[in-house]
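Numbers given in my numbering equal positions in the sequence shown, counted from 1, plus 13.
For glycine and all other residues, C-beta sits at the position ideal for the given N, C-alpha and C.
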Amino acid sequence: MKIGILTGGGDCPGENAVIRAVVKKADKYGFSVIGIKKGWLGLINGDVEPLTHSSVSGILPRGGTILGTSRTNPFKKEEDVQKILSNIKKFGFDTLIAIGGEDTLGVAKRFYEKGIKVVGIPKTIDNDLSGTDYTFGFDTAVSIAAEAIDRLHTTAESHDRVMVIEVMGRHAGWIATIAGIAGGADCILIPEKPFDIDKVCELVNKRHNRGRGFSIIVAAEGAMPVKGTKLITQDESVDAFGHIKLGGVGNIIGKEIEKRTGFETRVIILGHIQRGGTPTAFDRVLATRYGIAAVELIKNNEFGKMVALKGNKIVSVNLEEAVAKLKTVDLELYDIAEIFFG
Ligand code: F6P
């Protein structure tokens with residue numbers, strides 16, 4: 014059995030832990046594993062390398078992905094789809110493991126429909142894939158964001174400032190909500206709940222009237238104002254999956270708060286720092302369990318599936334279910350966060 018493995022989309026802490034687990038578990042069954050470089054792009058270009066025990070030695074705590082990644086969508090050009098199908102034959106892959114979010118796994122699902130034996134592993138710091146309670150990488154991103162909020166808290170308090178902290182999350186505000194609760198945010202803005210800037214300023218004023226000279230506002234990059242439907246973007250360029258480049262809502266909110274309340278405001282965009290570096294212990298373990306479970310699916314001839322976490326059990330769900338719609342923030346959780354606003 015020859016397994017091809019790739020990582021697609023934004024890189025994510027824990028990817029190397031998955032690759033290591035797949036290689037080690039596959040070896041127990043006598044399967045070989047071939048790494049495909051830079052996601053679907055490597056399968057278009059035939060850029061592959063065998064993965065052995067020595068290639069995965071020492072990579073468990075390392076951030077990023079040893080395979081490299083890209084946001085390549087082969088279904089944009091029929092020619093690329095054909096190149097992939099012929100390279101799968103050429104390299105003799107019996108099966109593919111795709112590690113990714115909605116885009117990478119959406120492509121995996123389409124290849125499965127074309128007869129390729131595919132297994133998916135849920136990866137995204139955004140935690141917005143359906144069919145699983147958690148994607149690996151999310152816990153690390155939340156820990157980084159929560160630590161940043163703690164640090165910003167003390168400087169905000171010393172200077173009597175409003176701090177607006179923009180975190181990642183284009184369509185779902187999971188990082189903002191969980192890191193915001195963990196960091197004691199005074200207001201959390203997420204794409205699922207369009208915000209009214211008047212209400213945000215009211216919360217800031219309320220705190221100041223209570224004698225609290227500082228406020229912590231956490232905003233997901235995809236947060237939107239209530240009246241406009243247009244996202245606030247850095248520019249209008251889109252990637253191969255049609256996603257616009259976000260980042261910038263924090264600056265707009267910060268300026269607005271300072272102008273309306275008169276309180277000195279600073280904006281911090283955490284950006285890619287949330288994706289870089291070593292995974293938390295939770296993510297290392299989750300990624301390891303996912304890697305092992307993916308090889309088990311292959312051993313049992315179960316394809317077109319994604320491994321998933323439900324409660325504390327690793328299960329599998331159909332790829333179709335995983336990519337059908339994004340998993341947005343549970344609003345009961347947001348209600349909990351809201352109790353601490355203002
Ligand atoms: O991979 C998910 C993510 O980190 C999103 O949270 C963010 O919007 C996007 O990727 C950023 O993409 P890029 O790394 O291409 O700038």
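>> For a test of the three-state rule: what should DSSP assign to P26, helix, strand or coil?
In response: coil
> What residues come near ligand 2, if near means a beta carbon less than 5 angstroms from any of its heavy atoms?
Replying inline: The ligand content of the structure shown is limited to ligand 1, which means ligand 2 is not among them.
> Are the stretch 91-103 and the stretch 302-321 touching by the rule of at least three beta carbon pairs closer than 8 angstroms?
Replying inline: no
> Among E351, D296 and N140, which residue has its Cα nearest to the Cα of K338?
Replying inline: N140
>> Going by C-alpha to C-alpha distance, which of A306, G81 and D343 sits closest to V330?
In response: With distances taken between Cα atoms, V330 lies closest to A306.
> DSSP three-state call for I79: helix, strand or coil?
Replying inline: DSSP places I79 in coil when its eight states are reduced to three.
> Of all the options G114, G193, I352 and D107, which has the alpha carbon lying nearest to the alpha carbon of Y147?
Replying inline: G114
> Can you give, in chain order, each stretch of the beta strand (DSSP E) that sits fully within the stretch 145-217 and has at least 3 residues?
Replying inline: 175-180 and 200-202
>> Classify K206: buried if its beta carbon has 16 or more other beta carbons within 10 angstroms, exposed otherwise.
In response: Using a 10 angstroms sphere on the CB of K206, the tally of other CB atoms reaches 16 or more, which defines it as buried.
> Do P204 and F159 come within 9 angstroms of each other at the CB atom, strictly closer than that value?
Replying inline: The question names Phe, but residue 159 is Ala in the sequence shown. No, Cβ-Cβ distance for A159 and P204 is not below 9 angstroms.
> Got a sec? Which residues, its chain only, sit under 6 angstroms from D107 by beta carbon, not counting five neighbours each side?
Replying inline: M14 and K15
>> Cutting at 6 angstroms between CB atoms, please list the residues of its own chain near L56, excluding the five before and the five after it.
In response: Excluding sequence neighbours, L56 sits near I49, I97 and N100.
> Under the three-state reduction of DSSP, which class applies to I352: helix, strand or coil?
Replying inline: coil
> Touching or not, the stretch 270-283 and the stretch 176-191, by the rule of three or more beta carbon pairs under 8 angstroms?
Replying inline: yes
>> Between which residues of its own chain and E333 is the CB-CB distance below 7 angstroms, once the five residues before and five after are set aside?
In response: K122
> In or out: P63 buried (at least 16 other Cβ within 10 Å) or exposed?
Replying inline: exposed
> Assuming G304 and K38 make a contact with CB atoms under 8 angstroms, what is their CB distance in whole Å?
Replying inline: 7 angstroms
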